[in-house]
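Structure first, then comments.
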Amino acid sequence: METMQKLRELCADKEEFPQEVLEWIARENLWNLWVPKDYGGLERSLTQGLKELRSLAQVDGSLGWTVTLCSGANFFVGNLQREVAREIFSGRKGPVCFGGSGGVHGTAEKQGDGYVISGRWRYATGAPYLSHFTLNAKLREGGRDLVHPDGTPVVRSFLLKREDVEIIRDWKAMGLKATATHSFGVHSRWVPAKYSFQYNDIKLPQPIFKVDFRVFADLTLWANYIGMAARYGEEAQKICGPGALERLLARVAQADAKIMALAQQIEDHVHTGASPPGSFPKEIHREATESVRALSSKIIGVYPSLGIRASRLDHPLNQAFRDYFTATQHHIFSQG
Numbered sequence: 236m237e238t239m240q241k242l243r244e245l246c247a248d249k250e251e252f253p254q255e256v257l258e259w260i261a262r263e264n265l266w267n268l269w270v271p272k273d274y275g276g277l278e279r280s281l282t283q284g285l286k287e288l289r290s291l292a293q294v295d296g297s298l299g300w301t302v303t304l305c306s307g308a309n310f311f312v313g314n315l316q317r318e319v320a321r322e323i324f325s326g327r328k329g330p331v332c333f334g335g336s337g338g339v340h341g342t343a344e345k346q347g348d349g350y351v352i353s354g355r356w357r358y359a360t361g362a363p364y365l366s367h368f369t370l371n372a373k374l375r376e377g378g379r380d381l382v383h384p385d386g387t388p389v390v391r392s393f394l395l396k397r398e399d400v401e402i403i404r405d406w407k408a409m410g411l412k413a414t415a416t417h418s419f420g421v422h423s424r425w426v427p428a429k430y431s432f433q434y435n436d437i438k439l440p441q442p443i444f445k446v447d448f449r450v451f452a453d454l455t456l457w458a459n460y461i462g463m464a465a466r467y468g469e470e471a472q473k474i475c476g477p478g479a480l481e482r483l484l485a486r487v488a489q490a491d492a493k494i495m496a497l498a499q500q501i502e503d504h505v506h507t508g509a510s511p512p513g514s515f516p517k518e519i520h521r522e523a524t525e526s527v528r529a530l531s532s533k534i535i536g537v538y539p540s541l542g543i544r545a546s547r548l549d550h551p552l553n554q555a556f557r558d559y560f561t562a563t564q565h566h567i568f569s570q571g
């Protein structure tokens, strides 16, 4: 508890995490939450990892969000060629921390046994803390875009070292400040083909890599919304007491139970080798979206009764509010 309170104080409304926080994350090996033990990771099960991410988000929104997105990018260890994964995770001195963008905002021109990459990508959570950047790019050859038979562009994902990337410091959001979710650019950088990968091509056998990545993304981010809503309720109780927050706290408890039940179902499917129903990813996405919508509604519902303190930028409750609603702007559970 003392460690969590100290972390909360260190993270409070910072533009970037202090070095002490980054050292704690590295010491706890949280960037490698999902990475196999063979590669120096914690190799958490889905349920274990979700509980940890939810707890971190309740400590501080930026802390939970950054660890979630970066450990989620380190999850791509399962998509890399094994010799590349071993080279990075076993051979590097210092923490390995992936992160980047899921958008397709650049090109990769085939050149020899590699690609020349150029472009600019937005919203790389944890940009100043990363050792490697991940990105998606349209493939080109001979100056022409490569396309599939249906006319859609051929896209691959790439992993670049930090020194090959220019960080563009443009993160000016009202909340989740210390996530430092800046843009980044790459200017005609040649990258060996071995550092490219595809999301649906899994190289490692651990159970976590048998989880559909869409489901993994939904659940890990949902855990953050729950944790941040719990933090909001925790701070609000100091002003108005638990009675006025009954509906919000009930929604948080309901979401906690639901996400764990779904995660356990997934683990059971993986353990038995049974294929989940084809509709299962859509069901999980629907459950998560509805849960976040309900949490948002309850937070907004209680806000007018909290007084001017809830609007003070230097009050923890206000940071909790800003962090949560900045997070809701992520496209994954769009409320539009």
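Sequential numbering from 236 applies to the sequence shown in this note's numbering. We treat Cβ as the ideally placed atom computed from N, Cα and C, and that holds for glycine.
{"query": "The stretch 267 to 282 touching the stretch 322 to 341, judged by at least three CB pairs closer than 8 Å", "result": "yes"}
{"query": "Neighbour-count burial assignment, L387, 16 or more Cβ in a 10 Å radius", "result": "This sequence places Thr at residue 387; Leu is not what is there. Flag for T387 reads exposed."}
{"query": "Whole-angstrom distance between R544 and H500, CA atom to CA atom", "result": "Per the sequence shown, residue 500 should be read as Gln rather than His. Going by the C-alpha atoms only, they are around 42 Å apart."}
{"query": "For Q346 and L242, the rounded distance between their alpha carbons", "result": "46 Å"}
{"query": "Bridge partner(s) assigned by DSSP for T369", "result": "G335 and L394"}
{"query": "I474 versus T238 - alpha carbon distance", "result": "24 Å"}
{"query": "Cα-Cα separation between G508 and I443, rounded to whole angstroms", "result": "13 Å"}
{"query": "Given 8 Å, three or more beta-carbon pairs between the stretch 462 to 473 and the stretch 305 to 325", "result": "no"}
{"query": "Where A458 sits in the DSSP three-state scheme", "result": "helix"}
{"query": "Contacting residues, own chain, Cβ-Cβ under 7 Å from A529 (five flanking each side not counted)", "result": "R486"}
{"query": "Where P440 falls, given that 16 or more other Cβ within 10 Å makes a residue buried", "result": "exposed"}
{"query": "Reference L381; option with closest CA among A343, L298 and S540", "result": "A343"}
{"query": "Span of the beta strand (DSSP E), counted from its first residue to its last, around A359", "result": "G349 to A359"}
{"query": "Residues near S325 by beta carbon distance below 7 Å, same chain, minus five either side", "result": "Y274 and G275"}
{"query": "Span of the beta strand (DSSP E) around E263", "result": "Here E263 belongs to no beta strand (DSSP E), and DSSP marks it neither H nor E."}
{"query": "Validate contact between the stretch 541 to 559 and the stretch 388 to 399 using beta carbons, cut 8 Å, 3 pairs", "result": "no"}
{"query": "One or two residues paired with W300 in a DSSP bridge", "result": "Partner(s): none; W300 has no beta bridge."}
{"query": "Proximity of Q293 and A428 at Cβ, strictly below 7 Å", "result": "no"}
{"query": "Closest Cα partner of G513 within the set Q489, T563 and D447", "result": "D447"}
{"query": "A415 (DSSP reduced to helix, strand or coil)", "result": "coil"}
{"query": "Within 7 Å, strictly: CB atoms of T369 and T301", "result": "no"}
{"query": "Limits of the beta strand (DSSP E) - the one that I535 falls within", "result": "Here I535 belongs to no beta strand (DSSP E); instead the alpha helix (DSSP H) covers F515 to V537."}
{"query": "Supposed contact pair H340 and G349 - C-beta distance, whole angstroms, cut 8 Å", "result": "Rounded, the Cβ-Cβ distance is 20 Å, inconsistent with contact."}
{"query": "Spatially closest choice to I403 from Y358, L484 and L291, by CA coordinates", "result": "Y358"}
{"query": "Distance between I567 and F393 (C-alpha atoms, nearest Å)", "result": "22 Å"}
{"query": "Which of helix, strand or coil DSSP assigns to V382", "result": "strand"}
{"query": "Whole alpha helix (DSSP H) elements within the stretch 425 to 483, 4-residue minimum", "result": "448 to 475"}
{"query": "Burial state of G378, where buried means 16 or more other Cβ atoms lie within 10 Å", "result": "exposed"}
{"query": "First and last residue of the uninterrupted alpha helix (DSSP H) at E237", "result": "E237 to C246"}
{"query": "Range covered by the beta strand (DSSP E) that runs through I402", "result": "E401 to I403"}
{"query": "Spatial distance of F419 from S510 (CA atoms)", "result": "39 Å"}
{"query": "Cβ-Cβ distance between N435 and G299 below 7 Å", "result": "no"}
{"query": "Under the three-state DSSP convention, the category Q500 falls into", "result": "helix"}
{"query": "According to DSSP, residues forming a beta bridge with K345", "result": "Y350"}
{"query": "Coil, strand or helix - H278 by DSSP", "result": "Rather than His, the amino acid found at residue 278 in this sequence is Glu. It is coil, neither helix nor strand."}
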